[in-house]
Amino acid sequence: MDKIFMGVGSVRLEQLKLGVLSPFGDYLSVVTAKEVGTIPTSHLSLFKDFCACGSDMIVRLQPESGSITALTCCNPQCYLKLKFQLAALFERFGFKGIGPETCGKVVNELWRSKGSVSLFEVLCETAGCTVLSGADEVAFFEALEHVRASRVSYGKFVSNLAYPFIGNKFGDVLQGISSTSELVATMKDEGGFIPFFSKRGVQSVDTIFHFMWFLKELDKITECFSSCIVESSMNIIPICMTGIMQSFDRKLTKSQYLEVCNSIFVKEDGSKIADLVSTETVSKALFVVVGQDSIEKSTSKFRKALDHEASLRKAGIISDSDKFWYTPEEFLYLLHARAGEKDE
Ligand SMILES: [Zn+2]
14 MDKIFMGVGS VRLEQLKLGV LSPFGDYLSV VTAKEVGTIP TSHLSLFKDF CACGSDMIVR
74 LQPESGSITA LTCCNPQCYL KLKFQLAALF ERFGFKGIGP ETCGKVVNEL WRSKGSVSLF
134 EVLCETAGCT VLSGADEVAF FEALEHVRAS RVSYGKFVSN LAYPFIGNKF GDVLQGISST
194 SELVATMKDE GGFIPFFSKR GVQSVDTIFH FMWFLKELDK ITECFSSCIV ESSMNIIPIC
254 MTGIMQSFDR KLTKSQYLEV CNSIFVKEDG SKIADLVSTE TVSKALFVVV GQDSIEKSTS
314 KFRKALDHEA SLRKAGIISD SDKFWYTPEE FLYLLHARAG EKDE
């Protein structure tokens, strides 16, 4: 026991394993791995027993060979992981140009001054923070502003936070949920968090464990960024545009074309039936709008759209009469037809 250093917020692997979920099933603490000889004597000095945050360092063992495949700290909220999480977070929100190093300066300073640091503090309580200067300061606050200006579903927002073990597909798991309180209520309705996740195809106890760990601060973070979260009941239609958006006799930029599309879905009272957003990736789009030039040149996006349409048709996701890709004019006709249907 004397080896155990209880730093502020430090976490012990053995305590975590006693919990309901018993996460980290295929991990051993470095201390234990050294004791049982998993880490050979010649390598002992390469593996630190404890992380700088005071928690156990742990190694993941490959079940068959018993060889070490990963080394990490068992504290889900380790401040050293936080800088990588932040860099990934900004990237998932589409902001480029800020890396773990700059994020680490903010995180380290909060850790130094308070002895603890959470994602909530970094995102919501750093206004007026004087840790950064010069280009770092500009980049960090620009990145935060970028997040504040985003407009995504609740699930997408949560997955964009890039928590450890929470992949960027997690948005699908939370589809149809528009707030943390709704999430908690749904879990209760469905008999608890384990049935909730298994119903949605999440098998990994490590993922569920991490999600539940972060759920508490998630409430505060999503509250703080509530203006970014759009109602999930609102119909969001991702479209991918390629080539020149020629609409009748007008040549439009992609954002102008998107504006024209969106104006079709605005009702007389100003409310919206649906919201079209642009995506660069064909497979993420619900429709692809292909300019004539792109068809003529048979660009790679157009070919991808053709392939994707074929696979959707094969899987029975779209019928013979439906299409996946449209010319800019055809697509406007389609939107008018759909807006008419929804109005009735
Ligand atoms: Zn740590």
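For this note's numbering, add 13 to where a residue sits in the sequence shown, where the first one is 1.
A virtual CB, placed ideally from N, CA and C, is assigned to each residue, including glycine.
Computed from a predicted model, the values in this text were never measured in an experiment.
Extent of the continuous beta strand (DSSP E) run through residue i
i    : result
C253 : 248-255
L265 : 263-265
D288 : 287-291
S260 : 258-260
CA-to-CA distance, residue j to residue i, given in whole angstroms
i    : j    : result
G204 : S35  : 19 Å
E322 : C86  : 44 Å
K201 : E48  : 42 Å
V303 : K285 : 25 Å
S126 : V119 : 11 Å
G180 : D262 : 44 Å
K16  : Y176 : With a pLDDT of only 30 at K16, under 50, the local geometry of the prediction cannot be trusted, and the value read off the model is given with reservation. Approximately 29 Å, taken between the alpha carbons.
S324 : V197 : 37 Å
S194 : K233 : 11 Å
F18  : G67  : Low local confidence applies: a pLDDT of 34 at F18 is under 50, so the model's placement there is unreliable, with the coordinate-based value given in what follows. Distance between the alpha carbons of F18 and G67: 6 Å.
G20  : E150 : Note that G20 has pLDDT 39, beneath the 50 cutoff, so the model's placement of it is unreliable and the number below is only indicative. Computed Cα separation, rounded: 30 Å.
L93  : G117 : 8 Å
T115 : K96  : 8 Å
L29  : S42  : 11 Å
S23  : L123 : 16 Å
T294 : A318 : 10 Å
Q75  : T45  : 16 Å
C241 : L289 : 16 Å
F178 : S268 : 35 Å
Residue i - containing alpha helix (DSSP H), residue span
i    : result
C237 : 218-237
D305 : As written in the sequence, residue 305 is Gln, which differs from the Asp given in the question. That run of the alpha helix (DSSP H) goes 305-310.
K317 : 313-327
F133 : 132-137
A198 : 193-202
S123 : As written in the sequence, residue 123 is Leu, which differs from the Ser given in the question. Segment 113-127, the alpha helix (DSSP H) holding L123.
S332 : Run containing S332: none; DSSP gives neither H nor E here.
S211 : 206-212
G189 : Where G189 is concerned, there is no enclosing alpha helix (DSSP H), given that its DSSP letter is neither H nor E.
For residue i: DSSP bridge partner residues
i    : result
V165 : I242
Y339 : V302
V279 : K285
Closer than 7 Å: residue i CB and nearest ligand 1 heavy atom
i    : result
N121 : no
C253 : no
S68  : yes
L99  : no
E136 : Correcting the residue type first, residue 136 is Leu in the shown sequence and not Glu. No.
C86  : yes
L231 : no
L157 : no
C116 : no
L93  : yes
C241 : no
C237 : no
Heavy atom of ligand 2 within 7 Å of residue i beta-carbon
i    : result
K336 : Ligand 2 is absent from the structure shown, which contains only ligand 1.
Inset, instruction - Entirely within the segment 14-99 and at least 3 residues each: give me those beta strand (DSSP E) ranges in chain order. - result: With a minimum length of 3 residues, the continuous beta strand (DSSP E) runs that stay inside the segment 14-99 are 40-42, 70-74, 81-86.
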